[in-house]
Amino acid sequence: MKAERVATAQDIPFKFLENILLDLKHSGLVESQRGGDGGYWLARSAQDITLADVIRAVEGPLAYVRGQRPESLEYVGVAEPLRDVWVALRANVRAVLEAVTLDQIAHRELPEMVKDLIASSEAWHSH
293 MKAERVATAQ DIPFKFLENI LLDLKHSGLV ESQRGGDGGY WLARSAQDIT LADVIRAVEG
353 PLAYVRGQRP ESLEYVGVAE PLRDVWVALR ANVRAVLEAV TLDQIAHREL PEMVKDLIAS
413 SEAWHSH
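In structure tokens:
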């Protein structure tokens, strides 16, 4: 698929998309070919690429706090439990992002675990 077509379809500035595609290429998630018949395509099946893979390729590690792994943070006094909160948050972010594949997004079929989280969040917000 041509990058220009994706940029137009998703209303994303071309240069911005080009940088993302470069990150995805360097991480081995997409391949590309130059020329008239060129473009980008997934390096492996959409069923085998998770949102976590994509975010790590573009942004780096998931859920860092102040540029550090949550396990390496230290808080003192009453704030000490915050480290465990950050660890739990990262575990949950990973659980969701690693459960959702590009194929599921393309087919609008989120995993049950994600649907359950959405339902519980909506219930919480309605109170």
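At the far end of the sequence shown sits residue 419, using my numbering, and the numbering has no gaps.
Each residue gets a CB set at the ideal place from its N, CA and C atoms; glycine is no exception.
This structure is a prediction, so every number in the text was calculated from the model and none was measured.
With three or more CB-CB distances shorter than 8 Å, the region 330-345 counts as touching the region 390-399.
The region 349-360 and the region 373-383 touch, with three or more beta-carbon pairs separated by less than 8 Å. It is roughly 30 Å from the alpha-carbon of V350 to the alpha-carbon of P373. Annotation: the continuous beta strand (DSSP E) that includes S324 extends over V322 to Q325. For L334, the enclosing beta strand (DSSP E) begins and ends at G331 to L334.
For G328, the closest C-alpha among the options E296, L409 and A371 is that of E296.
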